[in-house]
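Visitor: Attaching a single structure in structure tokens format; questions to follow.
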Amino acid sequence: MTPDQLRAHCLSFNAAEEDFPFNPDISVFKVLGKMFALSWIDAKPLKVNLKCDPEDAVRLRADHEGLIIPGYHMNKRHWNTVTVDGGLPDRLVRELIEDSYDLVVAGLPRAERLRLDRP
């Protein structure tokens, strides 16, 4: 997955936006103001921090040692850092991004979740 593909996938979700609250080198992808992905888009190798169910996070780290690690500068129980161009299948990366988005949406207040469902 290239940086452009990562960005496009993150922005393909309903109400997703890209922001640069930390510095111009760190893309933060949010849904209704809540972060679901954070990436150093120009870094080599390309990495992205993604929210993850705690049990899944541990399993993913064991299954993909070195490519999925505890979230860099994040709550390590709920976030993983995923090396995007380091050997993981693109399909898995896309699924992990979608799971992160879904977890964040699930934590939004009901009224905001309903707003996302409207066309």
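When we follow numbering that gives the first Met the number 0, the leftmost residue of the sequence shown carries the number 0, and every step to the right adds one.
Virtual Cβ for every residue (Gly too), placed ideally from N, Cα, C.
Keep in mind that this is a model prediction, so the values were computed, not measured.
Among the candidates L31, S38, D55 and D84, whose CA atom is the shortest distance from the CA of L115?
Guide: Here the closest residue by C-alpha is L31.
Visitor: Which residue spans inside the segment 83-116 form an unbroken alpha helix (DSSP H) run of at least 4?
Guide: DSSP runs (the alpha helix (DSSP H)) wholly in the segment 83-116: 89-105 and 109-116.
Visitor: Measure the C-alpha to C-alpha separation of P53 and L102 and round it to an integer number of angstroms.
Guide: Using only the alpha carbons, I get a separation of about 11 Å.
Visitor: Have a look at the DSSP bridge pairing and note the partners of F28.
Guide: Answer is E17 and A36.
Visitor: Sorted by chain position, which residues of the same chain lie with C-beta nearer than 7 Å to A42's C-beta, five sequence neighbours on each side aside?
Guide: Excluding residues within five positions, none has a Cβ falling inside 7 Å.
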